[in-house]
Amino acid sequence: MSMHKISLRVNSREHELAVEARRTLADMLRHDLGYTGTHLGCEHGICGACTVLMDGQPVRACLVFGVQADGTEVRTVEGLADGEQLSDLQQAFSDHHALQCGFCTPGFLLLAEAYLAETSADALTEAQARELVASNLCRCTGYQGIIEAIVATARARRK
Amino acid sequence: MTVIGTRLPRAEDPRLLRGRGRFGDDFSAPGQLWARVVRSPAAHGEVRDLDVTEARNVPGIAAVVTAGDLPRDLVIPVRLAIADTDLSGFLQPVLARDTVRYVGEPLAVVVGDDPYACEDAAELVGIDIGGRPAVLDARQDPPRVAAELTRGYGDPGAAFARAAHVVEIDLAIGRHSGVPLEPRCLLAVPGREPGELAIFGMTKVPVWNRDLLADLLGVDETLIRVHAIDAGGGFGVRGEFYPEDFLIPWLALRLDRPVKWAEDRAEHLMAVNHSRQQYHRIAAAFDAGGRILALTDDVVQDNGAYCRTHGVAVPELTVAMLPGPYRVPAYRGRVRVVLTNKTPCGTYRAPGRFEGTAAREHLLDVAATRLGLDPVELRQRNLLTRSEMPHERPISTLGTEMILDTGDYPALLAAAVAEAGRLGYRALSAGTALPTRKRRGFGLAMFVEKSGLGPQETADVTVSRSGTVHVYSGGTSLGQGIETVLTQIAADAIGADPGAIRVTAGDTAAQPFGAGSWASRSTVVGGSAVHQAALAVRRRAIELAARVLEAAEEDLDLAGGSVSVRGDPAVRLTLADLAKVAAPASRYLKEGEAAGLSARRRFEASHMTYPYGVHAAVVEVDSGTGRVRVLRYLVAYEVGCAINPMLVEGQLRGGVAQGIGGALLEEFRYDEDGQPQAITFIEYRLPTAAEIPPVDVLLCQESPSPGNPLGVMGAGEGGISAAGAAVANAVRDALGLPGSVGQLPLTPARVCALPGAIAGPGTGGRP
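Sequences listed follow chains H and E, in order. The opening residue of the first sequence carries number 932 in this note's numbering; numbering runs sequentially from there. The opening residue of the second sequence carries number 36 in this note's numbering; numbering runs sequentially from there.
This is the structure:
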């Protein structure tokens, strides 16, 4: 397999590496760069556990090749907190018991982060949050806490 | 002030929210190889040839092994043996040698430097299987019966003969399972000594798995250390001993290299335990007043191709728990465990209770219609009352005698009905000005759960020099929040701040006597062991402080992590101080006295404790498309004592979501050749947020369990137990069916075929 030299920024850090053309962004992040917070639940784009932001847009890292991230800015769950301080969204997830096993959590956090960044000026209804959350799968919580956490964060950010 | 009963934020959250959890695939070791399992493409047949030559020649491939490389007759034994059942002829081999019996059965393992290359090489293994007919319906005649079990008492035959009313229904429960979001993963790292292994990825019952692995490998069990990990959901299926749990460690020793294996989702859906699929024919005899005289159930369980580690625990629990919360003077439940050419079955959250509760509670609703009684009234006439508790039922299950220990079933049912009314469930289900095709219905079901299975759990509590209280539990972290719950229990018992507690759960070196996290036992049995060990450490801390302060122990108190003299709070010793007082070279230790501020305690439980609850659902059925939407859902649940109500509610809500999945969406289907038709999340339909309504919870703590010092009952399964029943009853109500819905899950096609749906034979809906 031929290797391709790429460069990208992950959570504001520069990385240069050589990857096989077929290597997924998820495997590259996890096993080549050590960002193991990106989780693989299905590897066929349904569960969304591997959701990361590529140039601000949520993508399924299992459906993107590493080479496609060349020249992009990628944000993973490791990039959400400010040092030891959890982000408001992360804190809301804990407050609303929006996670149990935590395996799907990074994907939901990044999905919601992208949505809130785009729409924070508008009121987020529970129905809209539910539709957003229906993008990804969680097997533990029944989704209620996740929806509440996102709605609460949207409200707090509007203030 | 105690932290028990508070909504303490979870100890697990910060690391999980930051991506710092450590799940199976997050562990790696220098020089590790990757493994890929080659699986049978055929449902049933003779293995004529396995040609691994080409695969072996792929660059970077270290080994390809088949059954011929393994010790002969290597099978995985039963963990939960039930007396008088011999399953030795039906156990799964680690690798199939002569015969394959389901699609996905392991045939070979390819090991190499790179996981992508291993997948390539695995596809080059030449597989020649002589096909045989696949058995895909457990009701086929004659069935291949692995075991038959009967539980019961009294004379149901006589009761049925004199009954005023006899009601009988058929209900089939669909094949579905836990499907945690993290696929399985294992890393086995050889150590310095021959046979020494570090294992990352085993969970649920790590000590049992360690001991079995040691036996199969022929090494001393203490050479194997199973490390504590984060697990991406358990639900019964994760952590049982599967073929890979032997293969990966065995390959690591054989190749003397770390070996890692991470399954993909398709593998998971055809390799990990299936569950649930049963056919019930259930009948009840009533007197003229609607009182149950007898209950019978005849069950066929489609167990798939083999009996795995759970043996016949699921069918046994099905018939043992079937009478539920009712006064049943005579009972007989028979279950035949039938083998088919599908993925083998094991437990899935509320094993046997989801199935049995669905059958019994659906029967009661049909009976209420026949008897002209309100379904709630029929139940109230038959529920055991508080004055009848404890209720000894002459049935054994999982090796324990069934004694329904405590509770007020009629009060909880009344409270649930009142709560549903207060929340407007009845009005919502009546619906006004609905589009013509839409029908709404209300369904309710009651259940008894079981929890706190023994025989024991052991806990170690020790205080380190920093004053941190370390709890070493035999439970494991599966996402349920065990670290938080045990933190609260330990903090309360010792008298320390929760921030000073650190829980390690599921490390076999740190806790070699753990029995694991399953059967809703961790808080009950594991928590009680931690409670006792922490109380012992508290007593020890006071004893040592008395020596230092030259005070009487009864004048001392331990609170907020410090021992102080009552009435003189200025004089105090912290737990950190006392850990040093207990250090090996301390002058405060007496001659021959063991060092350390620590204690080990074992909590024994000879009987289970039985929580109970009520589920209520409002559904909307599109009688044209057959789509069922759950609009509202209520769980009322008696838990004795909620250590952390937030976590109990989380367990209940999560369980409901899974239950709705099993009632409406999730199903492992097969084609006529035995090819699985649900091997992605496109076909295996986990519920999303669009299918799950907000879930109302009425959490009751009115009946503390008498069997443990905390008064707790398990909470892991009560959210799912009655979900099939409540949804089935609500759909039946919506369509005005006279009889049973027939089969779960209630997919659109099945709903359309029901009378009352537009496509069904009896169109026109409710009268």
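The beta-carbon is built from N, C-alpha and C at its ideal position, and this holds for glycine as well.
Going along chain H in order, which residues have a C-beta closer than 7 Å to the C-beta of E:D61?
-> In the second sequence, counting from the first residue as 1, residue 61 of chain E sits at position 26. Chain H residues near E:D61: T967.
Which residues share a DSSP beta bridge with E:T609?
-> Along the second sequence, one-based indexing puts residue 609 of chain E at 574. In the DSSP output, where bridge partners are listed per residue, E:T609 has E:S597.
If the cut is a Cβ gap below 7 Å, which residues of chain H does E:I727 touch?
-> By one-based count along the second sequence, residue 727 of chain E stands at place 692. Residues of chain H passing the Cβ test: G1073, Y1074.
Name, please, each residue of chain H whose Cβ falls closer than 7 Å to the Cβ of E:Y672.
-> One-based indexing of the second sequence puts residue 672 of chain E at position 637. The premise fails here: E:Y672 is roughly 14 Å from chain H at the closest Cβ pair, so nothing lies under 7 Å.
Are at least three pairs of beta-carbons, each pair with one atom in the stretch 463-472 of chain E and one in the stretch 375-388 of chain E, less than 8 Å apart?
-> no
Please report the Cβ distance between E:R343 and E:A769, rounded to the nearest whole angstrom; I am assuming they are in contact, meaning their Cβ atoms lie under 8 Å.
-> Position 308 of the second sequence, counted from the start, is the residue given in the question as residue 343 of chain E. Position 734 of the second sequence, counted from the start, is the residue given in the question as residue 769 of chain E. E:R343 to E:A769, Cβ: 38 Å. No contact.
Quick one: using the 10 Å Cβ neighbour count with 16 as the cut-off for buried, is E:G407 buried or exposed?
-> Looking up residue 407 of chain E in the second sequence gives position 372. Label assigned to E:G407: exposed.
Taking one C-beta from the stretch 759-777 of chain E and one from the stretch 494-511 of chain E each time, how about it: are there three or more such pairs within less than 8 Å?
-> no
At least three beta-carbon pairs within less than 8 Å, the stretch 483-494 of chain E to the stretch 776-783 of chain E | no
Using only alpha-carbon positions, find the residue among E:E47, E:F235, E:G54 that is nearest to H:P1037.
-> The residue you call residue 1037 of chain H lines up with position 106 of the first sequence. Considering only alpha carbons, the answer is E:G54.
Can you tell me whether DSSP reads H:V995 as helix, strand or coil?
-> By 1-based counting over the first sequence, the position of residue 995 of chain H is 64. Coil, per DSSP.
Where the alpha helix (DSSP H) through E:W296 begins and ends = In the second sequence, counting from the first residue as 1, residue 296 of chain E sits at position 261. Unbroken run through E:W296 is the beta strand (DSSP E), 294-297; no alpha helix (DSSP H).
Run the CB neighbour count on E:A156, radius 10 Å, all protein chains shown included, and call it buried at 16 or more, exposed below.
-> Within the second sequence, residue 156 of chain E is the residue found at index 121, counting from 1. Flag for E:A156 reads buried.
Is H:I1081 buried or exposed, if buried means 16 or more other CB atoms sit within 10 Å of its CB?
-> On the first sequence, position 150 is the one that residue 1081 of chain H refers to. Burial call: buried.
Segments of 4+ residues assigned as alpha helix (DSSP H) that fall wholly inside the stretch 338-411 of chain E | 348-356, 388-406
Buried or exposed: which applies to E:A173, given that a residue is buried once 16 or more other Cβ atoms fall within 10 Å of its Cβ?
-> What you label residue 173 of chain E is simply residue 138 of the second sequence in a count that begins at 1. With 16 or more Cβ atoms within 10 Å of its Cβ, E:A173 is classed as buried.
Report the residue from E:G791, E:R785, E:A792 whose alpha carbon sits nearest the alpha carbon of E:L206.
-> Working through the second sequence from its first residue, we reach residue 206 of chain E at position 171. The shortest C-alpha separation from E:L206 is found at E:R785.
Classification of E:T37 by the beta-carbon crowding that lies within 10 angstroms, buried from 16 upward = Numbered from 1 along the second sequence, position 2 holds the residue referred to as residue 37 of chain E. Exposed: under 16 other Cβ atoms inside 10 Å.
DSSP state of H:E951 mapped onto helix, strand, coil = As a first step, residue 951 of chain H must be located in the first sequence, where it is residue number 20. In the structure shown, H:E951 sits in a strand (DSSP, three-state: E or B).
Examine chain H for any beta-carbon lying closer than 9 Å to the beta-carbon of E:R801, and answer yes or no.
-> Within the second sequence, residue 801 of chain E is the residue found at index 766, counting from 1. Low per-residue confidence applies at E:R801: pLDDT is 40, beneath 50, and the placement is therefore not dependable, though the value from the model is reported in the following sentence. Answer no: the Cβ-Cβ gap between E:R801 and chain H never drops below 9 Å.
Residues of its chain near E:Q710, where Cβ-Cβ distance is below 8 Å and the 5 sequence neighbours each way are ignored = On the second sequence, residue 710 of chain E is found 675 positions in, with the first residue counted as 1. Contacts found: A78, V138.
Flag this pair as touching only if the stretch 508-525 of chain E and the stretch 235-245 of chain E have three or more C-beta atom pairs under 8 Å; answer yes or no.
-> yes
Which one or two residues does DSSP pair with E:P804 in a beta bridge?
-> No statement about residue 804 of chain E is possible, as the shown extent of chain E runs from 36 to 802 and does not include it.
Which stretch, first to last residue, makes up the alpha helix (DSSP H) that contains E:V452?
-> Along the second sequence, one-based indexing puts residue 452 of chain E at 417. Run containing E:V452: 444-457, per the alpha helix (DSSP H) assignment.
Identify the contact partners of E:T723 in chain H, using a Cβ-Cβ distance below 7 Å as the criterion.
-> Position 688 of the second sequence, counting from 1, holds the residue named residue 723 of chain E. Simply A1065, L1068.
Which same chain residues, not among the five before or five after E:P796, have their C-beta less than 6 Å away from its C-beta?
-> As a position in the second sequence, residue 796 of chain E is number 761, starting the count at 1. Reliability fails at E:P796, whose pLDDT of 48 lies under 50, so the model's placement of it is uncertain and no value is given.
Since I believe E:I234 is in contact with E:V261 (beta carbons under 8 Å), could you give me their beta-carbon distance rounded to a whole number of angstroms?
-> For the purposes of this step, residue 261 of chain E is taken as the residue at position 226 of the second sequence. For the purposes of this step, residue 234 of chain E is taken as the residue at position 199 of the second sequence. Contact flag correct, Cβ pair sits at about 5 Å.
Under 8 Å by beta carbon: chain E residues contacting H:F1039 = What you label residue 1039 of chain H is simply residue 108 of the first sequence in a count that begins at 1. Those within 8 Å of H:F1039 in chain E number zero; the least Cβ separation is about 10 Å.
Which ranges does the alpha helix (DSSP H) cover as unbroken runs of at least 4 residues, wholly within the stretch 197-257 of chain E, from first to last along the chain?
-> 241-252
E:Y645 - DSSP class collapsed to helix/strand/coil = Within the second sequence, residue 645 of chain E is the residue found at index 610, counting from 1. Three-state DSSP puts E:Y645 in coil, outside helix and strand.
Would a check of beta-carbon distances place E:M681 closer than 9 Å to chain H?
-> In the second sequence, counting from the first residue as 1, residue 681 of chain E sits at position 646. Yes, because at least one Cβ of chain H sits closer than 9 Å to the Cβ of E:M681.
Is any beta-carbon of chain H found at less than 9 Å from that of E:G236?
-> In the second sequence, the residue the question calls residue 236 of chain E occupies position 201. No, no contact with chain H.
On a CA-only basis, which of H:E945, H:T982, H:S943, H:N942 is nearest H:T955? Give me that one, please.
-> In the first sequence, counting from the first residue as 1, residue 955 of chain H sits at position 24. Ranking the options by Cα distance to H:T955, first place goes to H:T982.
Check the Cβ-Cβ distances between E:R767 and every residue of chain H, and say whether any is below 9 Å.
-> Taking the second sequence and counting its residues from 1, one reaches residue 767 of chain E at position 732. So no, E:R767 is outside the interface.
Check E:F321 in the structure and name its three-state DSSP category.
-> Reading the second sequence from its first residue, position 286 is the one you call residue 321 of chain E. Three-state result, E:F321: strand.
Closer than 9 Å, CB to CB, is H:G1033 near chain E or not?
-> Your numbering for residue 1033 of chain H matches position 102 in the first sequence. It does: the Cβ of H:G1033 has a partner Cβ on chain E nearer than 9 Å.
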